Amino acid sequence: MIQAPRGTFDILPESAARRKLLEEHADRILGAAGYRRIETPTFEATELFARGVGEATDIVQKEMYTFDDGGGRSLTLRPEVTAPVCRAYLEHGMRKLPQPVKLWYLSSCFRAEAPQRGRYRQFWQFGAEAIGSDAPETDAELIVLLADLLEAAGVKRTRLRLSSLGTPATRAEYREELRAFLRAREEQLAEDVRARIDLNPMRAFDSGDRGTQAVMRDAPKLLDRLDPEDSEHFARVRSLLDDAGLRYELDPTLVRGLDYYTRTVFEFTSDELGAQSGVGGGGRYDGLIELLDGPPTPASGWAAGVERILLATSELPTPPELVDLYVAVGDRQGSRTAFELAVEARRAGLQAQLELAGRSLKGQLRHADRIGARYVAIVGENGSARLKNMESGDEHDTGLADVIPEILRSGREL
61 MIQAPRGTFD ILPESAARRK LLEEHADRIL GAAGYRRIET PTFEATELFA RGVGEATDIV
121 QKEMYTFDDG GGRSLTLRPE VTAPVCRAYL EHGMRKLPQP VKLWYLSSCF RAEAPQRGRY
181 RQFWQFGAEA IGSDAPETDA ELIVLLADLL EAAGVKRTRL RLSSLGTPAT RAEYREELRA
241 FLRAREEQLA EDVRARIDLN PMRAFDSGDR GTQAVMRDAP KLLDRLDPED SEHFARVRSL
301 LDDAGLRYEL DPTLVRGLDY YTRTVFEFTS DELGAQSGVG GGGRYDGLIE LLDGPPTPAS
361 GWAAGVERIL LATSELPTPP ELVDLYVAVG DRQGSRTAFE LAVEARRAGL QAQLELAGRS
421 LKGQLRHADR IGARYVAIVG ENGSARLKNM ESGDEHDTGL ADVIPEILRS GREL
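So in our numbering, spot 265 of the sequence shown is number 325, and the numbers just go up one at a time.
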C-alpha cells in the first residue's frame with residue numbers, strides 16, 4: 061500500500077479543526093496589532109535562500125529540496141518564509157508604503173531533516189514580520205504577540221530565552237575571537253564543529269556533543285561584546301518586556317540557525333516537547349533586505365511551528381460541528397425534492413446536510429442524532445415534509461416552503 065512519504069503526514073478532519081482554531085487565534089491577535097496576511101509561492105529561486113539564509117547554514121548545505129525546473133533554472137521548496145516575504149516586499153514596492161509594513165503568514169515549509177517527534181520534512185509555520193522599523197518597540201511587540209498566541213493556544217510550560225547578536229561588525233570581531241578560542245581547543249570538539257570553525261563558529265553553542273559543551277562553557281560571549289548602541293537597544297527591549305509583565309531568561313549562548321539575524325534574538329521553548337523543545341522564535345534581521353539587493357531596511361520577525369504548538373498544547377476546545385438541518389429522504393420519489401431543500405437551506409445561511417448513503421429512515425434519524433442536527437426534515441413524495449425538532453422531540457407535518465423560515469425563527473444567530 062502506498063503511504064505518505066517519510067517525514068510527512070496527512071491532516072485529517074479532526075486535526076484540521078484544531079489547526080483552524082489556531083489560525084483564528086493568529087488572525088485575531090496579529091490582526092488587532094495591524095499585521096496583514098501574506099502568502100508566498102511554495103518554491104523560489106534557489107539563490108534567494110543561498111544569499112538570504114546563508115551559504116554556511118545547515119539549511120542551505122544539507123536540508124533544502126532543490127530541483128531544476130527543466131529550463132536550467134534552480135528552484136527550491138521554501139525551507140523558511142522570511143526571505144520570501146522580504147523578496148515580496150521588494151518586488152511589490154512595499155517600501156513605498158507607510159513603514160513598518162506588518163505581515164503575517166501561515167505557510168508550509170520543507171527541509172530534508174531526519175524525521176522525529178516535532179521535526180518533519182514538510183511542516184507548517186505561523187510567522188510575523190515587521191519590515192521598516194529599527195525601534196526596540198518593534199522587537200518587544202513581536203515577542204509579546206507570539207507569547208499571546210502561545211497562551212491562547214494553551215501551550216504549556218513555556219520559557220522565553222532572550223539575547224542579542226549585535227550588529228554585523230560587532231559579530232565579525234567576535235567571530236574572530238571565538239575562532240581563535242575554538243582552534244586552541246580543537247581536539248576537544250566534535251568533528252562537525254571542527255569542520256565549521258571557519259564557516260560558522262557560533263553554531264558550536266548549539267552542539268549536543270558533551271565535550272564541545274564543556275569547552276563552550278568557558279567560551280567568550282557575544283552579549284559581553286556589544287557596542288554601546290547595541291547595548292542600549294537591547295536594554296530598551298528588555299525594559300519593554302518587563303513593562304508588559306513578560307518573564308524571560310537571558311541566554312548569551314542563544315544562536316539562531318540563520319545568518320541574517322542581528323541584534324535581538326529570542327526563542328520560546330516548552331518543556332512538554334523534550335529534546336525538540338523550541339516552539340517559536342526569531343529576532344531582528346536588519347541586513348536581509350540589503351542582501352537581496354534592496355536598500356538598507358531594518359526588520360524584525362518570528363516563526364512558530366504549528367505541529368510543535370499542537371504537541372505542546374493542552375487539548376484545544378474545538379467547537380462541535382453545527383448542523384441546523386438534516387434533510388432525510390422518506391422515499392425514493394422525495395430524493396430530488398430533498399436535494400433542492402438542502403441547497404435552498406444553505407443559501408439561506410443554514411448549515412444543512414443531505415442524506416447520501418441510502419440509509420433506512422430509522423438509520424437516517426440515528427445519523428442525524430449522531431451529528432447533532434437541530435432539526436430533521438423528512439421529505440416524501442409530492443413535496444410533503446415532516447419537520448422534527450431533535451432537541452425537544454416534537455414533530456409535525458409542514459409545507460416545504462415553511463421548513464426554512466421555521467428553523468430561521470427558532471433563534472440561532474446567523
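Even glycine gets a Cβ: it sits at the ideal position worked out from N, Cα and C. Bear in mind that the values here come from a model prediction, so they are computed numbers and not experimental data.
- Ser167 is bridged by DSSP to Gln185.
- Under the rule that a run must span 4 or more residues, the alpha helix (DSSP H) segments found entirely inside the segment 360 to 446 read 366 to 372, 395 to 407, 421 to 430.
- Looking at the backbone, the Cα of Gly334 and that of Thr198 are separated by about 31 Å.
- In this structure Arg231 is buried. Its beta-carbon is surrounded by 16 or more other beta-carbon atoms within 10 angstroms.
- Sorting Glu367, Thr272, Arg307 by C-alpha distance to the C-alpha of Ala76 places Glu367 at the top.
- Rounded to whole angstroms, Phe399 and Glu189 show a C-alpha spacing of 47 Å.
- Secondary structure note for Ser75: its alpha helix (DSSP H) is the uninterrupted segment 73 to 92.
- Counting along the chain, Phe103 sits inside the beta strand (DSSP E) bounded by residues 103 to 105.
- Bridge partners of Leu222 according to DSSP: Leu310, Phe326.
- Of the residues Phe103, Thr68, Tyr180, Val145, the one whose Cα lies closest to the Cα of Gly354 is Val145.
- Across the structure, Lys122 and Glu381 are spaced so that their CA atoms are roughly 43 Å apart.
- For Leu300, same chain residues with a beta-carbon under 7 Å away, outside a window of 5 residues either side, are Pro196, Glu197, Ala200 in chain order.
- Distance check between Pro160 and each of Gly178, Arg179, Leu202, Ala412 places Leu202 closest, using alpha-carbon atoms only.
- DSSP, reduced to helix, strand and coil, places Ser291 within a helical segment of the structure shown.
- Residue range 142 to 151 is occupied by the alpha helix (DSSP H) that includes Val145.
- A direct Cα-to-Cα measurement between Thr68 and Ile349 gives close to 32 Å.
- Secondary structure note for Glu237: its alpha helix (DSSP H) is the uninterrupted segment 228 to 243.
- Arg323 counts as buried, since no fewer than 16 other beta carbons sit within 10 angstroms of its beta carbon.
- Beta-carbon to beta-carbon, Ala445 and Gly459 are separated by about 7 Å, close enough to satisfy the 8 Å threshold.
- Close CB contacts of Arg263 within its chain, under the 7 Å cut and outside five residues either way in sequence, are with Arg256, Val315 (chain order).
- Leu249 is not a Cβ neighbour of Leu259, given a cutoff of 9 Å.
- Counting other Cβ atoms within 10 Å of its Cβ, Glu375 stays below 16 and is therefore classed as exposed.
- DSSP, reduced to helix, strand and coil, places Ser134 within a strand of the structure shown.
- Within the DSSP bridge table, the entry for Arg96 names Leu163 as partners.
- Contact annotation: Leu210 and Phe328 have beta-carbon atoms nearer than 9 Å.
- Leaving aside the five residues that flank Asp429 on each side, the residues in its chain whose CB is nearer than 7 Å to its CB run, in chain order, Met450.
- Just measuring C-alpha positions, the residue of Glu236, Pro175, Lys216 sitting nearest Glu332 is Lys216.
- Around the CB of His85, 16 or more other CB atoms lie within 10 Å, so the residue is classed as buried.
- Membership of Gly271 in the alpha helix (DSSP H) is indicated by the continuous run 270 to 276.
- Judged by their CB atoms, Leu225 and Arg298 are not nearer to each other than the 9 Å cut-off.
- Boundaries of the beta strand (DSSP E) harbouring Arg344: 338 to 344, taken from the DSSP string.
- Between Val463 and Leu401, the gap from beta carbon to beta carbon is short of 9 Å.
- Buried is the label assigned to Lys162, since at least 16 other Cβ atoms lie within 10 Å of its Cβ.
- Sorting Pro288, Leu468, Pro312, Ala295 by C-alpha distance to the C-alpha of Asp278 places Pro312 at the top.
- Going by DSSP, Asp454 is part of no beta strand (DSSP E) at all; its letter is neither H nor E.
- Proximity to Leu351 across Gly214, Pro228, Lys80, Ile119 peaks at Pro228, based on C-alpha coordinates.
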